[in-house]
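Input: a single structure, listed below in structure tokens.
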Amino acid sequence: MKTAFSNYLKKPTEAAPLAVFRIFFGLMMFGSILRFWANGWIEKLYLEPKFHFSFYGFEWVQPLGVATYGIFAVCAISAMLVAVGYKYRWAISVFFLSFTYIELMDKTTYLNHYYFISCLSFLMIFLPAHRYFSLDAWQSGKASKIVPAWTIDSIKLLLGIVYFYAGLAKLNSDWLFRAMPLKIWLPSKYDLPLLGSLLQEEWVHYVFSWSGMLYDVSIPFLLLYRKTRWFAFGMVVIFHVLTRVLFPIGMFPFIMIVSTLVFFDANLHHKILNGISRILNIDKKRWDLQLPNAMQPAVRKFQLLIVGFFLAVQLLFPWRYLLYPGELFWTEEGYRFSWRVMLMEKAGYAQFKIRNGETDTSFYIDNSDFLTPFQEKQMSFQPDFILEYAHKLADHFRKQGHENIEVYVESYVALNGRRSQPFIDPSINLLEQQESFQHKTWILPFNDTISEL
Amino acid sequence: MQRFLILFGALAFMLVACSDDDNTPQEDIDSFNRTAMLENWADNIIIPGYDVLNNAINDLNNATDQFVAMPDATNLANLRAAWRESYRTFQKVSMFEIGKAEAVFFRARFNTYPTDTATLEAAVLDGNYNLELPSNRDIQGFPALDYLLNGLGENDADILEHYTFNPNATKYLSYLRELVVELQTLSEEVHNDWTNGYRDTFVSNDGSSASASVDKLTNDYVFYYEKALRAGKIGIPAGVFSNQPLPQNVESYYNPEFSRELALIALQSTQDFFNGKSFGNNQTGPSFKSYLNYLNTIKNGEDLSQLINDQFDVAQNKLEALNASLVQQIQQDNTKMYEAFDELQRNVILMKVDMLQAMDVNVDYVDTDGD
Numbered sequence: 001m002k003t004a005f006s007n008y009l010k011k012p013t014e015a016a017p018l019a020v021f022r023i024f025f026g027l028m029m030f031g032s033i034l035r036f037w038a039n040g041w042i043e044k045l046y047l048e049p050k051f052h053f054s055f056y057g058f059e060w061v062q063p064l065g066v067a068t069y070g071i072f073a074v075c076a077i078s079a080m081l082v083a084v085g086y087k088y089r090w091a092i093s094v095f096f097l098s099f100t101y102i103e104l105m106d107k108t109t110y111l112n113h114y115y116f117i118s119c120l121s122f123l124m125i126f127l128p129a130h131r132y133f134s135l136d137a138w139q140s141g142k143a144s145k146i147v148p149a150w151t152i153d154s155i156k157l158l159l160g161i162v163y164f165y166a167g168l169a170k171l172n173s174d175w176l177f178r179a180m181p182l183k184i185w186l187p188s189k190y191d192l193p194l195l196g197s198l199l200q201e202e203w204v205h206y207v208f209s210w211s212g213m214l215y216d217v218s219i220p221f222l223l224l225y226r227k228t229r230w231f232a233f234g235m236v237v238i239f240h241v242l243t244r245v246l247f248p249i250g251m252f253p254f255i256m257i258v259s260t261l262v263f264f265d266a267n268l269h270h271k272i273l274n275g276i277s278r279i280l281n282i283d284k285k286r287w288d289l290q291l292p293n294a295m296q297p298a299v300r301k302f303q304l305l306i307v308g309f310f311l312a313v314q315l316l317f318p319w320r321y322l323l324y325p326g327e328l329f330w331t332e333e334g335y336r337f338s339w340r341v342m343l344m345e346k347a348g349y350a351q352f353k354i355r356n357g358e359t360d361t362s363f364y365i366d367n368s369d370f371l372t373p374f375q376e377k378q379m380s381f382q383p384d385f386i387l388e389y390a391h392k393l394a395d396h397f398r399k400q401g402h403e404n405i406e407v408y409v410e411s412y413v414a415l416n417g418r419r420s421q422p423f424i425d426p427s428i429n430l431l432e433q434q435e436s437f438q439h440k441t442w443i444l445p446f447n448d449t450i451s452e453l
Numbered sequence: 454m455q456r457f458l459i460l461f462g463a464l465a466f467m468l469v470a471c472s473d474d475d476n477t478p479q480e481d482i483d484s485f486n487r488t489a490m491l492e493n494w495a496d497n498i499i500i501p502g503y504d505v506l507n508n509a510i511n512d513l514n515n516a517t518d519q520f521v522a523m524p525d526a527t528n529l530a531n532l533r534a535a536w537r538e539s540y541r542t543f544q545k546v547s548m549f550e551i552g553k554a555e556a557v558f559f560r561a562r563f564n565t566y567p568t569d570t571a572t573l574e575a576a577v578l579d580g581n582y583n584l585e586l587p588s589n590r591d592i593q594g595f596p597a598l599d600y601l602l603n604g605l606g607e608n609d610a611d612i613l614e615h616y617t618f619n620p621n622a623t624k625y626l627s628y629l630r631e632l633v634v635e636l637q638t639l640s641e642e643v644h645n646d647w648t649n650g651y652r653d654t655f656v657s658n659d660g661s662s663a664s665a666s667v668d669k670l671t672n673d674y675v676f677y678y679e680k681a682l683r684a685g686k687i688g689i690p691a692g693v694f695s696n697q698p699l700p701q702n703v704e705s706y707y708n709p710e711f712s713r714e715l716a717l718i719a720l721q722s723t724q725d726f727f728n729g730k731s732f733g734n735n736q737t738g739p740s741f742k743s744y745l746n747y748l749n750t751i752k753n754g755e756d757l758s759q760l761i762n763d764q765f766d767v768a769q770n771k772l773e774a775l776n777a778s779l780v781q782q783i784q785q786d787n788t789k790m791y792e793a794f795d796e797l798q799r800n801v802i803l804m805k806v807d808m809l810q811a812m813d814v815n816v817d818y819v820d821t822d823g824d
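Sequence lines, in order, name chains R and Z. Take the first sequence: its position 154, counted from the start at 1, is 154 in the numbering used here, and no numbers get skipped. Take the second sequence: its position 92, counted from the start at 1, is 545 in the numbering used here, and no numbers get skipped.
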């Protein structure tokens, strides 16, 4: 067993898939940043809001005013350097840090696929993706046609985790037996040609729910197995194009489609690299003729340890919700960073009250005085946002000279088409509560049951 | 490589096919026809509403002319009546802040209150002011007219004095004239835009994005109900958002006996719009109500449109129980104002949370989570 494992770690494989992955990853990240910039979202999401919602423990990560554009510029440039493979280790490290910084600035914009990019770029720091078809390998003559197989397999495993866990998360009664939230989302796409009227049919919602679940849990295995690989890739393309057409999810479908190419044999990747060489008029032979040189064992051990630890965390972290009581979809404790994607249609309304504990006078808050519409929407149904906002309101009014401040909230949340119901205990002074990883006892119980894994 | 190319070709084809979405005939026999809803909104509610507002403001304009020509008690009474009538009609269209109305800040220009009387007096005397400036929103519109017609003095004689024997009488008259002309210009601008093309733009923008007509007007409607009606007319003056009641923030403050009526008209108009009721008669057409009922046949949830209508009725009863003068109500028994606010509030939740969720209306355009 032990020898089998150490043999596996020594097993070599062609470097071409890793090189192709690096190139496409860098290019798509570069494109994503430009798209984000061009849409005016830097201004809108990071400069316009009066304050930002922070991840617990990362309150020190804040937008830097106009310099925020600089972070995006650094991120875009490093993505491009990753694509061409110039000073790769530095480039991918800077990309990881700048991208993750951006995502940590305001959790209002949290998306699973941004988290996926952070995970992937972290992993790539420890992979020799610059050994082949890169400027690094061109200049220093350190090209290698061969890399350890585990380096490519670690990307496959990460992709597999994303899909498989997303599939497991769909094993819940709302998704499978009520076809929620697709039953809400699909009928509103009435204006799609051909599909529009079909999307009004209840059976279609169930077909989409079940096939989405089956797709997610099975696709990693279908991609791994040689005979089903092309079929699986076809499914990947259809699935992600469909999600792109139906939902506003930006670049993510394309990133996933291109990423799954890593499952294919080196033959395909050599063809892709040949194509790139022809277009850019590069001599691919320059890399091919080099002899493979072995990696330093010491470095390998260090890298292996980090990658192994990282993947173990990835496997375990999504299960942390089991440690919390209450309905996961309702409290969202342990919901993020777990590949739970598109599982909920949740909307809320939160009316905050500032009370003077001594004089027993109070007044309500107009949320639009403090939050952007997008922030208000996200805040209104997530308990950690509500708590942070309450504390920020108190800070604001304390500065204005108010005393004996207490903050209460009357809030209602509707989940997956159920009628809205009270969300946070309105008798709790939120200032007496602090953010922590403990269960939030002031979330009112969910008046229904969702069975889930 | 070949298969690879075929797949990417298919991908490209699907993307092209899916983005080419014009000229597809609507063949939804069993599904809800949103185009018909937009037509009902435009043809039976919004445009007739602006028609009537336009006429009312023309009457206001004529009454102003007569008053300026002869500022006496009879003409003042006529002018006040015309002001009240056009103010009433305005309540029925104020929620449609879309298209030209949005571009010219229709609601803010017509109805920002309380009026800043000091700035207004300074503008009257100076005679040099720009009503288009955002900073001057609170010296124009119906609330400024309220001040000029009802608030300049203790009694009618005092008020008329300002327009007759007062050394600045001509300045007051010309400012009054100016405000009414501005309202007429704005009202005609919005009305003409609807009748000269915007109606078709509005109806044909029947998609499901955040910028499509249904999503946009729905957002405007809910915003109006929450901010202008619930907060503006009841919550803010009752002191819900401040440390103490603010009776001076009551709409039509200088003629406070009119304030409850304005709030009631606004509430009735939002309910009528919810039910798709035609302007000026009892016909109903496709609306939020029928849309929610249709969506409910898919979802089998609770009867949301009935819940909302019931809540409208409850809120209306609470408003009717108030003193005709909300200023008096606040001073005598403010708890009733709070009660009315609470009942108005319940429909904010039903509409903003439950209705928007059922209709899957986007709040704003940003990427959401994706698989």
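Positions of the beta carbon are idealized from the N, C-alpha and C atoms, including for glycine. No experiment lies behind these values; they were computed from the predicted model shown.
CB contact check: residue i to chain Z, cutoff 8 Å
i: residue 419 (chain R); result: yes
i: residue 361 (chain R); result: yes
i: residue 364 (chain R); result: yes
i: residue 345 (chain R); result: yes
i: residue 349 (chain R); result: yes
i: residue 491 (chain R); result: Here chain R has residues from 1 to 453 only, and residue 491 (chain R) is not among them.
C-beta atoms of residue i and residue j nearer than 8 Å
i: residue 436 (chain R); j: residue 423 (chain R); result: no
i: residue 548 (chain Z); j: residue 625 (chain Z); result: no
i: residue 78 (chain R); j: residue 67 (chain R); result: no
i: residue 105 (chain R); j: residue 74 (chain R); result: no
i: residue 380 (chain R); j: residue 348 (chain R); result: yes
i: residue 642 (chain Z); j: residue 545 (chain Z); result: no
i: residue 122 (chain R); j: residue 164 (chain R); result: no
i: residue 17 (chain R); j: residue 152 (chain R); result: yes
i: residue 346 (chain R); j: residue 383 (chain R); result: no
i: residue 72 (chain R); j: residue 33 (chain R); result: yes
Per-residue DSSP class, three states only, for residue i
i: residue 450 (chain R); result: coil
i: residue 737 (chain Z); result: strand
i: residue 664 (chain Z); result: coil
i: residue 332 (chain R); result: coil
i: residue 497 (chain Z); result: helix
i: residue 723 (chain Z); result: helix
i: residue 301 (chain R); result: helix
i: residue 705 (chain Z); result: coil
i: residue 776 (chain Z); result: coil
i: residue 370 (chain R); result: coil
i: residue 179 (chain R); result: coil
i: residue 481 (chain Z); result: Here residue 481 (chain Z) scores only 39 on pLDDT, less than 50, and its place in the model is too uncertain to base an answer on.
i: residue 352 (chain R); result: strand
Neighbour flag for residue i against chain R, beta carbons, 8 Å
i: residue 595 (chain Z); result: no
i: residue 589 (chain Z); result: no
i: residue 552 (chain Z); result: no
Where residue i falls, given that 16 or more other Cβ within 10 Å makes a residue buried
i: residue 9 (chain R); result: exposed
i: residue 216 (chain R); result: buried
i: residue 700 (chain Z); result: buried
i: residue 398 (chain R); result: exposed
i: residue 654 (chain Z); result: exposed
i: residue 372 (chain R); result: buried
i: residue 221 (chain R); result: exposed
i: residue 578 (chain Z); result: exposed
i: residue 200 (chain R); result: buried
i: residue 517 (chain Z); result: buried
Please name the residues in the segment 167 to 192 of chain R whose beta-carbon is closer than 8 Å to at least one beta-carbon of chain Z, in chain order.
183, 184, 185, 187, 188, 189, 190, 191, 192
Identify each residue in the segment 724 to 756 of chain Z for which the Cβ-Cβ distance to at least one residue of chain R is less than 8 Å, and report them in chain order.
748, 751, 752, 754, 755
Taking a cut of 7 Å between CB atoms, which residues from the segment 326 to 339 of chain R lie near chain Z?
In summary, no residue of the segment 326 to 339 of chain R has a CB separated from any CB of chain Z by less than 7 Å.
Closer than 8 Å, Cβ to any Cβ of chain Z: which residues of the segment 402 to 416 of chain R, in chain order?
The segment 402 to 416 of chain R vs chain Z, Cβ under 8 Å: 412, 413, 414.
For the segment 691 to 708 of chain Z, enumerate the residues whose C-beta is nearer than 9 Å to any C-beta of chain R, in chain order.
The segment 691 to 708 of chain Z vs chain R, Cβ under 9 Å: 692, 693, 694, 695, 696, 697.
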